[in-house]
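4 protein chains.
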Amino acid sequence: MTKTVLSRKEREKLQHKEEILATALKLFSDKGFHNVSMQDIAEQSEFSVGTLYKFFESKETLFAELIGSCARRVSDILIPILDEKIDEKRKITSYIEAHKRIIEEYASSIRLYLSQNLQSVLTLGPDVEPETDAVRGAIRQKLSDVFKSGMRNSIFKSVDPWITTLSLSAILESFIFSVIKSPEKISIDDGISRIKELFFEGILKL
Amino acid sequence: MTKTVLSRKEREKLQHKEEILATALKLFSDKGFHNVSMQDIAEQSEFSVGTLYKFFESKETLFAELIGSCARRVSDILIPILDEKIDEKRKITSYIEAHKRIIEEYASSIRLYLSQNLQSVLTLGPDVEPETDAVRGAIRQKLSDVFKSGMRNSIFKSVDPWITTLSLSAILESFIFSVIKSPEKISIDDGISRIKELFFEGILKL
Amino acid sequence: MTKTVLSRKEREKLQHKEEILATALKLFSDKGFHNVSMQDIAEQSEFSVGTLYKFFESKETLFAELIGSCARRVSDILIPILDEKIDEKRKITSYIEAHKRIIEEYASSIRLYLSQNLQSVLTLGPDVEPETDAVRGAIRQKLSDVFKSGMRNSIFKSVDPWITTLSLSAILESFIFSVIKSPEKISIDDGISRIKELFFEGILKL
Amino acid sequence: MTKTVLSRKEREKLQHKEEILATALKLFSDKGFHNVSMQDIAEQSEFSVGTLYKFFESKETLFAELIGSCARRVSDILIPILDEKIDEKRKITSYIEAHKRIIEEYASSIRLYLSQNLQSVLTLGPDVEPETDAVRGAIRQKLSDVFKSGMRNSIFKSVDPWITTLSLSAILESFIFSVIKSPEKISIDDGISRIKELFFEGILKL
DNA sequence: CATGAATGAGACTTCATTCAT
DNA sequence: CATGAATGAAGTCTCATTCAT
Chain A
4 MTKTVLSRKE REKLQHKEEI LATALKLFSD KGFHNVSMQD IAEQSEFSVG TLYKFFESKE
64 TLFAELIGSC ARRVSDILIP ILDEKIDEKR KITSYIEAHK RIIEEYASSI RLYLSQNLQS
124 VLTLGPDVEP ETDAVRGAIR QKLSDVFKSG MRNSIFKSVD PWITTLSLSA ILESFIFSVI
184 KSPEKISIDD GISRIKELFF EGILKL
Chain B
4 MTKTVLSRKE REKLQHKEEI LATALKLFSD KGFHNVSMQD IAEQSEFSVG TLYKFFESKE
64 TLFAELIGSC ARRVSDILIP ILDEKIDEKR KITSYIEAHK RIIEEYASSI RLYLSQNLQS
124 VLTLGPDVEP ETDAVRGAIR QKLSDVFKSG MRNSIFKSVD PWITTLSLSA ILESFIFSVI
184 KSPEKISIDD GISRIKELFF EGILKL
Chain C
4 MTKTVLSRKE REKLQHKEEI LATALKLFSD KGFHNVSMQD IAEQSEFSVG TLYKFFESKE
64 TLFAELIGSC ARRVSDILIP ILDEKIDEKR KITSYIEAHK RIIEEYASSI RLYLSQNLQS
124 VLTLGPDVEP ETDAVRGAIR QKLSDVFKSG MRNSIFKSVD PWITTLSLSA ILESFIFSVI
184 KSPEKISIDD GISRIKELFF EGILKL
Chain D
4 MTKTVLSRKE REKLQHKEEI LATALKLFSD KGFHNVSMQD IAEQSEFSVG TLYKFFESKE
64 TLFAELIGSC ARRVSDILIP ILDEKIDEKR KITSYIEAHK RIIEEYASSI RLYLSQNLQS
124 VLTLGPDVEP ETDAVRGAIR QKLSDVFKSG MRNSIFKSVD PWITTLSLSA ILESFIFSVI
184 KSPEKISIDD GISRIKELFF EGILKL
């Protein structure tokens, strides 16, 4: 009867596991690991707690599997591009553009995937946005103003100031994290110098 | 008693609050919000839980104040720079360089501050690194290889490939988050286009 | 089909039940009632939980049947001896000696059987041996020393002090239990007196 | 104010701990470790579950402390007797008689203490008495009959047949356990021989 | 009669928060 | 204001039992 090697029972079981993972993905990505209980997942997925534990050894295991599958999905898109036999400029272009598809197709998977390194405010414990976001917003506003005025003064190219601000902030924050996590990789001074070059002049040889 | 000068009692009170916040900072930044209990903070700071609640309405309030003060510390460094009366290139240069000081002086404050948006693996609930980090690592490795070969082929400038990889990843991940959080700010297509321009050609008008 | 002979099906059924009971015996006797789950028994016996419930109404029923069968096995050895037509001294001798066979043949059955009244440390909930065993050991050591010195002083016969200690402790503990369970059977004072007589002078009329 | 080194608070705390232990003792000794939940103990002792965990790391810790204190109480009575400077016959007499006091004063402590090695039917998981007790009862009845008739025939001394039966059973069961637990201590044959001697002729040199 | 996925009550344990001293 | 014992809701996980196939 079956073409594949899985029996109906086995297919159903897999199906159930998928349903649980899908529910968990939604919940974790909305509210964060610590703010979702196994009860919650059970109720939302319309299974019982016991069933969850038939599929996953623990809450952490469930989460880990989720992260793993998200990571795999993203990597299935990006790796092939980086393996193509085309010149590097087109490769990077293609790589960047692939993120369109990723965003469109897997919004919440991606959010969970990134939440390993980039943790949205939503996902973290308490909701402290208001004040903090204000501070962060103020900085970005000013940064953006700098870019705008620099463009007016023909010091900077005419690019979108919002994206520019976002990019510089992202690069710097990411760099800080890297340095804090593994200080041996690069000296702070060198890193900062490279960032300036890159940000000012871009990667492309003209 | 006096308006401008604080009485000994008031000074002591403030001092105590600072001590609590410092302890909390260390703990939260090491183990994450959900893995630190008020009892932990009380013990480490050598105050009683009751005292903690005299100073802060709730655990969340305490955390929020912490985040706030970290944000303020960072902003106290960055805002003045952005307000200086110098040309934009030097301003951005100065802005970027300021991060050296930030890293050196406030490592753990910053980690907490960023943990609002960039959450280190350490801080997140379960430790799922091994597999996921492998996937992420594979992508970055390939990306880095592309940059290296592009540099050898004189398509790219000779910049540090690690920083370049980090930067591109940071920009893209940050962009994805922004789009997911507030899709109205910019269209995906436009964003991706801008990122390409920026990344390839830099911000500086030659 | 026939009345006296069992059909294959029926024989198989009985066979299966025996297998389940054998597995359960091993597990219960090793780990104790509360530390063995029906799933454990199912797995070990290579039947399904469902099948277990076809044979036994509940976990307790299964256990009860097990105990019952163990009790029967022991009683099948002991009762005939007590029913023999020989003089009482030889009967009791034979009775005592029968325990050799019992130990050798049914170690784990017996352990389970006794576990109804004599519960090994292994079987009870948590493992509290260390300290408690030390205390118990200290008492027995001293008791044993008393017997040794009594033998040297020709007050006691020359018998094995370890067996003597074990016996006295067993008699006393058993008596305590009896009194606590059914105080009406005998007065404490009388019991203690009888125990002294018995222990000092033995049962045999010289 | 206080004569001892404990403050009022500390005394209260100790008092509370004692109350919890007392409640736990009663419950465990009535229903067995696995049939008493921390909730039960909390409710009965009129404390909250949290308070229980302030005093005891875990349910097992609580139980262990209980067993320990019971063991200590018994040993505080028995050890001094065994240490007295009197002849051995009087020492053993005194030792046996001490059990009167033990039973009277600490019934349930003792039950728990013994439950480490001698586990009452009540304490074990399910209640399987009826049938099993019948079997056990049958054996003991017959054994008792043997003693009675042996007494009538002047083979045995005139002692209480119930106590005699109890004693022989206790000795044998205890011996079986010892052999199963540590077979190296004595050979089965030797043990059985010694038991016969002891039981028939007693310990006393005439 | 066999199977084993599913169930859900209940166990142990943690921890934010309160309040009497 | 300071203390810390006490609270109890909520979380994770287990396991005896059921039932559709």
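If you read the protein sequences in the order shown, they are chains A, B, C and D. Those letters in the first sequence? Residues 4 to 209, per the working numbering, in order. Those letters in the second sequence? Residues 4 to 209, per the working numbering, in order. Those letters in the third sequence? Residues 4 to 209, per the working numbering, in order. Those letters in the fourth sequence? Residues 4 to 209, per the working numbering, in order. Virtual Cβ for every residue (Gly too), placed ideally from N, Cα, C.
Residue i, DSSP secondary structure in three states
i: ILE89/C; result: coil
i: PHE180/B; result: helix
i: PRO83/A; result: helix
i: VAL149/D; result: helix
i: LYS188/C; result: coil
i: GLY35/D; result: coil
i: VAL131/D; result: Because the pLDDT at VAL131/D is just 48, under 50, the model does not fix this residue reliably, and the point stays unresolved.
i: GLU21/C; result: helix
i: SER61/B; result: coil
i: SER112/C; result: helix
i: SER170/A; result: helix
i: SER97/D; result: helix
i: SER196/A; result: helix
i: SER10/B; result: coil
i: SER72/A; result: helix
i: SER78/B; result: helix
i: THR5/B; result: For THR5/B, the predicted model reports a pLDDT of 46, less than 50, meaning its position is unreliable; a value from the coordinates is still stated below. Coil.
i: ILE142/C; result: helix
i: LEU201/B; result: helix
i: MET154/A; result: helix
i: LEU125/D; result: Low per-residue confidence applies at LEU125/D: pLDDT is 37, beneath 50, and the placement is therefore not dependable enough to give any value.
Pair within 8 Å by beta-carbon distance, residue i and residue j
i: ALA141/D; j: SER78/C; result: yes
i: ILE174/D; j: SER170/C; result: yes
i: LYS103/C; j: ILE189/D; result: no
i: ILE44/C; j: LEU28/C; result: no
i: ILE80/D; j: ALA101/D; result: yes
i: ILE82/B; j: LYS62/A; result: no
i: TYR98/D; j: ARG76/D; result: no
i: SER32/A; j: SER152/A; result: no
i: PHE161/C; j: MET154/C; result: Note that residue 161/C is Ser in the sequence shown here, rather than Phe. For SER161/C and MET154/C, yes; Cβs fall inside 8 Å.
i: LEU85/B; j: VAL149/A; result: yes
i: VAL182/B; j: ILE95/A; result: no
i: SER172/A; j: ARG197/A; result: no
i: GLY35/C; j: GLY205/D; result: no
Terminal residues of the alpha helix (DSSP H) in which residue i lies
i: VAL48/A; result: Reading off the sequence, residue 48/A comes out as Ser, not Val. Note, SER48/A: alpha helix (DSSP H), 41-48.
*Specify whether the region 184-201 of chain D and the region 156-169 of chain C touch according to this definition: at least 3 beta carbon pairs, one from each stretch, less than 8 Å apart.*
At 8 Å Cβ cutoff, the stretches touch.
_At least 3 beta-carbon pairs within less than 8 Å: the region 52-67 of chain C vs the region 79-91 of chain C_ = Taking a contact to require three or more Cβ pairs closer than 8 Å, the region 52-67 of chain C and the region 79-91 of chain C do not qualify as touching.
*Say whether the region 33-50 of chain B touches the region 16-23 of chain B, bearing in mind that this needs 3 or more beta-carbon pairs closer than 8 Å, one atom from each stretch.*
Two segments are said to touch when three or more pairs of C-beta atoms, one from each, lie closer than 8 Å; by this definition the region 33-50 of chain B touches the region 16-23 of chain B.
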